[in-house]
Amino acid sequence: MGDELVGHANPGTVKAVAPTAIRVRVPAKINLALCVGHARPDGYHELGTVYHAINLFDELTFAESGSCQTRMRIVGLGQKTLPVDDSNLVIKAVNLLQETFGPQNRGISITVNKKIPIAGGMAGGSADCAATLLGAAKFWNLPASLEDLLELGAKLGSDVPFGLVGGSAIGSQRGEKVAGIQDNGHYHWVVALANRGLSTPSVFKRFDELDEVVGTQIPQQIFTALADGDIQLLAKCLRNDLQPAAISLRPALSEVLNAGVAAGALAGLVSGSGPTCVFLADSEAVAKKVAAELVKHPKVWATEVASGPVAGAQLI
Ligand code: C5P
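Quick note on our numbering: the sequence shown kicks off at -15 and runs consecutively.
So, in structure tokens, the structure goes:
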């Protein structure tokens, strides 16, 4: 396939699609706890994390490409900047499905309608990858179970399996081993976006340089908070070991975190490797108020109000 990948920079709509097309919606993730250990010999870090899917979605459409080739285009965020070649996790997912289940005789055309921030610590690329595993497997009617897709996802990226599972879940090893947890709450979040991303490997590298490893053990209290849907307790338990590294690379993040709490959030933290910051609010009304305040901050590019947990990648 490789040489026929096509990217279109012009915006389009994913609504006007052929009836045979398949659509998948996939959420952004935040980490309610991200407990990071030492670097392993393979360069990855062992971690214990609590993933949480929020209702900020990318939507992917899978349709006939009209040839035996794979085609991909992006509309929305990143339509002019993101690669649509073999380096994109979406194409990697298609290639891995074909390697695993054999070449398919119908080419596939994938449109990614992107709303999840790019390089924002919200696993947008991994979400698109998870959605592609699900959508392309359905498009080709492959004999793939969820377990098969989780295994393939783990090969493609640490956060990809969670994109398939969604909800609230523990991630262990390098994050790719996922198990759902009981969460009886519904939480309102404010998402504060920066106008420039942070590279995940550079944040992990700075984490190593800071040399302040606490360990991969997730504090038990967070499971109690989620099982009870206890927002006040959850606010006290939020933890991100990568936050000092992200702040050290982008000092303005600490101003943004302070501004969110000053505006009425219960707590704020950097999402994953950042630079997106997320804030827990005790109602949707408070979340909207905090978002309206924060967007005035010079270091905040945009804000979104979101809630979670929501399901992982789903056919729609
Ligand atoms: O797995 P993924 O390709 O998404 O990881 C991107 C990068 O993030 C890795 O190359 C590595 O530098 C860093 N990483 C890490 N430990 C993890 C997950 C990611 O060091 N558990």
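For every residue, glycine included, the Cβ atom is placed at its ideal position computed from N, Cα and C. Every value quoted in this text rests on a predicted model; they were computed, and no experiment measured them.
Leaving out the 5 sequence neighbours to the left and right, which residues in its chain are closer than 7 angstroms to residue 237 when beta-carbon positions are compared? Around residue 237: 230, 231, 254, 258, 259, 261.
Can you find the residues in the same chain that come closer than 6 angstroms, C-beta to C-beta, to residue 300, ignoring five residues on each side of it along the sequence? Closer than 6 angstroms at the Cβ level, and outside the excluded window around residue 300, lie 7, 9.
When the distance is taken between beta carbons, is residue 16 closer than 8 angstroms to residue 29? Not closer than 8 angstroms, so no.
Which of helix, strand or coil DSSP assigns to residue 291: The answer is strand: DSSP assigns residue 291 an E or B state.
Would you mind listing the alpha helix (DSSP H) stretches within the region 262 to 286 that are 4+ residues and don't spill past its ends, in chain order? Correct list: 268 to 278.
Exposed or buried, which one is residue 149 when buried takes at least 16 other CB atoms within 10 Å? With at least 16 other beta carbons inside 10 angstroms of its own, residue 149 counts as buried.
What would DSSP say about residue 208, mapped onto helix, strand or coil? Helix at residue 208.
Can you list, in chain order, the residues of its chain with a C-beta nearer than 7 angstroms to that of residue 21? Leave out the 5 residues immediately preceding and following it. Closer than 7 angstroms at the Cβ level, and outside the excluded window around residue 21, lie 29, 30, 31, 197, 199, 200.
Expected contact under 8 angstroms - CB spacing of residue 271 and residue 173 to nearest Å: Distance from residue 271 to residue 173 at the Cβ level is roughly 7 angstroms; contact confirmed, criterion being Cβ atoms closer than 8 angstroms.
With residue 45 as the anchor, note down where its beta strand (DSSP E) starts and where it stops. Segment 29 to 48, the beta strand (DSSP E) holding residue 45.
Measure the C-alpha to C-alpha separation of residue 44 and residue 126 and round it to an integer number of angstroms. Distance from the CA of residue 44 to the CA of residue 126, rounded to the nearest whole angstrom, comes to 18 angstroms.
Tell me whether residue 22 counts as near the ligand C5P, meaning its Cβ is closer than 7 angstroms to at least one heavy atom of that ligand. No - the ligand C5P has no heavy atom lying nearer than 7 angstroms to the Cβ of residue 22.
Under 8 angstroms Cβ to Cβ from residue 134, same chain only, skipping five residues before and after it: list those, please. The answer, listed in chain order, is 145, 148, 149, 162.
With H, G and I counted as helix, E and B as strand and the rest as coil, what does DSSP make of residue 25? In the structure shown, residue 25 sits in coil (DSSP, three-state: anything other than H, G, I, E or B).
Closer than 7 angstroms by C-beta to residue 41: which residues in its own chain qualify, once you throw out the five before and the five after it? Chain order, please. Contacts found: 9, 10, 11, 99.
With contact counted as at least three CB pairs below 8 angstroms, one residue from each stretch, are the region 278 to 293 and the region 183 to 191 in contact? At 8 angstroms Cβ cutoff, the stretches do not touch.
Of the choices 143, 141, 124, 117, whose alpha-carbon is the least far from that of residue 132? Selected option, being the one with the closest Cα: 117.
CA-to-CA distance, residue 224 to residue 33, given in whole angstroms: Using only the alpha carbons, I get a separation of about 9 angstroms.
Per DSSP, the bridge partner or partners of residue 56: Answer is 94.
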